[in-house]
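Asks: Got a structure for you, written out below as structure tokens; questions coming shortly.
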Amino acid sequence: MEQAVQCSDVVGKRIYISARLIFELYESVVPYYHENFLQTIPQYVALFHNNCMYLAHNLQTFGDKWLVLMEGREPDYPITFVDLVPKLRELGQRQLAAHLQQQRKQILDNIRASDLNCIVVKDVLGENAEQAIRQCLRQLQLLKNVWIGVFPANLFTSMLADELAHRACSAEDVSAEMAAQLGDIYTVVVKKAPNLFQKPEDIEEHVATWTKLQELILILGGSLKDIEKRWDDGNGPLAVHFRTVELRNLIKALFQNTQIRANLLSKIK
């Protein structure tokens, strides 16, 4: 830029066009050349996203600074880079969103490849169930450390809580041993997931199913009497966080068909 303003208008225009081409080439070439890294390495995506945002921020005023250095000269061509700003922002956001989707798929695949996907057909969970959850939490912690300021903790934690709640609520029969295992595994999530947020206490505000997951742990380790108290004739926390069909299904899956169970089910409508 400083060199351009010291040259003739013809040379200055060529330098200006070359400067624009540099940013246009960045937009077109970098995502293609580094495609593999952008698809597989979270740190690379974070760096590329930040670079796009940094360039977009500076290009908003780059043209004005160029004109100031020209000290009153009036070129016969417009000097502006503002039109490149939304393109770079969109590029950075698109690459980040694509990697987020990929990480999300990987987390769900880890859960679904474990015994957590076999609650319906197994009486006891294998070690891979808790290992899968801990692996997911480690993966999310890594993303948080790499994507400071852009890591959507609420999105990933909600996804994890929703998936775990769905696994338990959709089971038709859960043995006492499996219920205890699920309670232990879900407790690991409840203890560690808040650390994914800048302020751990924010998790209750930003994750709609967080309280539901905590209530689910109580159900898995509780008695019919405990559930009845927390149902409280439709006024308790279970009525707030569970659909009637979910709660009824859980009770049927966890407890044997007794008169006490039948009495409780008759109250949950």
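Numbering (this note's numbering), first residue to last: -2 to 266.
A virtual CB, placed ideally from N, CA and C, is assigned to each residue, including glycine.
Nearest-angstrom Cα distance between P83 and N33?
Replies: When rounded, the distance between both Cα atoms is 24 Å.
Asks: Could you check which residue in V143, D229 and A168 has the C-alpha nearest to that of L93?
Replies: V143
Asks: Buried or exposed: which applies to T58, given that a residue is buried once 16 or more other Cβ atoms fall within 10 Å of its Cβ?
Replies: In summary, T58 is exposed, with fewer than 16 beta-carbon neighbours lying within 10 Å of its beta-carbon over all protein chains present.
Asks: Is the CB of T154 under 8 Å away from at least one CB in chain D?
Replies: Among the chains in the structure shown there is no chain D, since it carries only a single protein chain.
Asks: Are there 16 or more other CB atoms within 10 angstroms of the CB of K226, so buried, or fewer, so exposed?
Replies: exposed
Asks: Assign A126 to buried or exposed, taking buried as 16 or more other Cβ atoms, counted over all protein chains shown, within 10 Å of its Cβ.
Replies: buried
Asks: Can you say whether T37 is buried or exposed, counting buried as having 16 or more other CB atoms within 10 angstroms of its CB?
Replies: exposed
Asks: Would you mind working out which of R258, C49 and F239 sits nearest T208, comparing C-alpha positions?
Replies: F239
Asks: Tell me whether W144 sits in a helix, a strand or coil according to DSSP, three-state version.
Replies: Here W144 carries a coil assignment [DSSP, helix/strand/coil].
Asks: In angstroms, rounded to a whole number, what distance separates the CA positions of E243 and Q98?
Replies: 28 Å
Asks: At which residues does the alpha helix (DSSP H) containing K196 begin and terminate?
Replies: No alpha helix (DSSP H) contains K196, which DSSP labels as neither H nor E.
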